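Below: one structure, written as structure tokens.
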Amino acid sequence: MLTNSVDITADCFAHLCKMHGQSMFRFNVDLWQDYKFAWNHDGFLFQDPTGRTLSSEDVSSCLWRRPSFWQAAKWREIDENSRQSTEAELYSIFRELSEWARARKKLRLIEPMAGRRVGRLAQMRVAKDFFAVPDWSVGWGYRRPEGKVMVKRFAPEPLGSQRDLFISVQSVEAERLSPSYPWLTQEIGKGDRDATVLFVNGVCFGFEMELTREELGVEDWRTLNLVESSRWRPWNLSNTLSDLINCFMKRLGLRFGRLDFLKTGEEVTFLEVNPNGQFAWLDDSVTFSLHQAVLTAALDPASTIMGDECVLEATS
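Going by my numbering, the first residue of the sequence shown is number 14, and it counts up by one from there.
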């Protein structure tokens, strides 16, 4: 499992694997200097800080969880340029590892580069064939019409030496946006309540916020940046909606993702899909049923990432 040391979902996977007698080797990217690694034409060998080893011959499944330096403690560094260049080299090695696993049909459930292959614009274009979708706009060099819009980022994670959240989901007056920046804006969606669906290889797990947007006093719950303290409850999806989500994810070529919606009654508006979305905050802290479902899927050959996944858009 490729991840980092602050990934609580990986912690839960490790616990479940131990409970079920399933062996697992975890590589924490932010602690890379505490590991040993060698790879040549004969194969590769990992050794973790405890002395446990993993050879390429031992790998039966590979899960790209969250091999990210973001939110992880800084590793020992010389200077900022050295840190950034080293991280870039490490990411390249991880991509090579995932491609090695894919070529041997061992890469499971989560497609490493899906966040770039299935970008925000592609997913919204395809989503219009299945759901109501707020209008969106991206560009620079002009003043936008007056009115409130949601500002979103293209990049999946914050960038920059300080890992600052330069752009986060927020509502702004469109006319205040500088024309010299490549803004992505979205019309504020219509709906009473935020909802989210974890999609795990054809199975949908739905949740909705107990409080409406009006009760929360926000136009988008993500602006609160407090998912851990937000109160969610199970949402029983209709068969029709589950079928639509399955068809949508198939068109995107995704086996996993977390989809965000707005809902009023049974009517939903699509906001976005995160191809490697977090879900720990939605799970039951006793049964860990979501983690168990994801782990089971990650070990199932039916969730194999083949490498020919593509976004199927209508050409008209």
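By construction, the Cβ of each residue, glycine as well, lies at the ideal position given by its N, Cα and C atoms. Everything numeric in this text was worked out from a predicted model, so none of it was measured.
Exercise for the section: With distances taken Cα to Cα, identify the nearest neighbour of Phe292 among Arg79, Asp47, Ala114, Gly230. Expected result: For Phe292, the nearest C-alpha among the options comes from Arg79.
Practice task
Just grab the DSSP bridge partners of Arg246 for me.
Solution key: DSSP lists Glu221 as partners of Arg246.
Exercise for the section: Could you check if Phe261 is buried or exposed, using at least 16 other CB atoms within 10 Å of its CB as the buried criterion? Expected result: Counting other Cβ atoms within 10 Å of its Cβ, Phe261 reaches 16 or more and is therefore classed as buried.
Problem - Coarse secondary structure for Met163, derived from DSSP in three states - result: Looking at Met163 - three-state DSSP - the assignment turns out to be strand.
Handout entry: C-beta neighbour in chain D for Leu15, strict 8 Å
Key = The structure shown has no chain D; it contains just one protein chain.
Handout entry: Nearest-angstrom Cα separation, counted from Ala310 out to Glu109
Key = The alpha-carbon atoms of Glu109 and Ala310 are separated by roughly 23 Å.
Problem - Separation of Ile201 from Leu265, as counted between CA atoms - result: Distance between the alpha carbons of Leu265 and Ile201: 24 Å.
Exercise for the section: Following the continuous alpha helix (DSSP H) through Thr309, name the residue where it begins and the one where it ends. Expected result: For Thr309, the uninterrupted alpha helix (DSSP H) segment begins and ends at 302-311.
Exercise for the section: On the DSSP bridge assignment, give the partners of Leu272 in chain order. Expected result: DSSP output for Leu272 lists Val210, Val286 as bridge partner(s).
Practice task
Closer than 6 Å by C-beta to Arg244: which residues in its own chain qualify, once you throw out the five before and the five after it? Chain order, please.
Solution key: Result list for Arg244: Glu223, in chain order.
Exercise for the section: Kindly indicate which residue of Arg115, Val324, Arg39, Asp297 has the alpha-carbon position closest to the one of Ser316. Expected result: The alpha carbon of Ser316 has as its nearest neighbour, out of Arg115, Val324, Arg39, Asp297, the alpha carbon of Arg115.
Exercise for the section: Have a look at Val139, Glu221, Glu186 and flag the residue whose alpha-carbon is nearest the alpha-carbon of Cys1. Expected result: There is simply no residue 1 to check, as the chain begins at 14 and stops at 329 in what is shown.
Handout entry: Residue of Cys217, Asp55, Lys49 minimising C-alpha distance to Trp65
Key = The sequence shown places Arg at residue 65, not Trp. When only C-alpha atoms are compared, the closest one is Lys49.
Exercise for the section: Look up Glu102 in the DSSP assignment and say whether it is helix, strand or coil. Expected result: Glu102 falls in the helix class under three-state DSSP.
Practice task
Compute the beta-carbon to beta-carbon distance between Phe143 and Leu15, rounded to the nearest angstrom, for a pair I have assumed lies under 8 Å.
Solution key: Contact annotation, Phe143 with Leu15: C-beta distance approximately 31 Å; criterion of less than 8 Å not satisfied.
Problem - Endpoints, beta strand (DSSP E) assigned at Thr66 - result: Its beta strand (DSSP E) spans residues 66-68.
Handout entry: For Val388, the nearest candidate out of Phe40, Asn289, Asp321 (CA to CA)
Key = Look at the range of the chain in this structure, 14 to 329, and you will see that residue 388 is not part of it.
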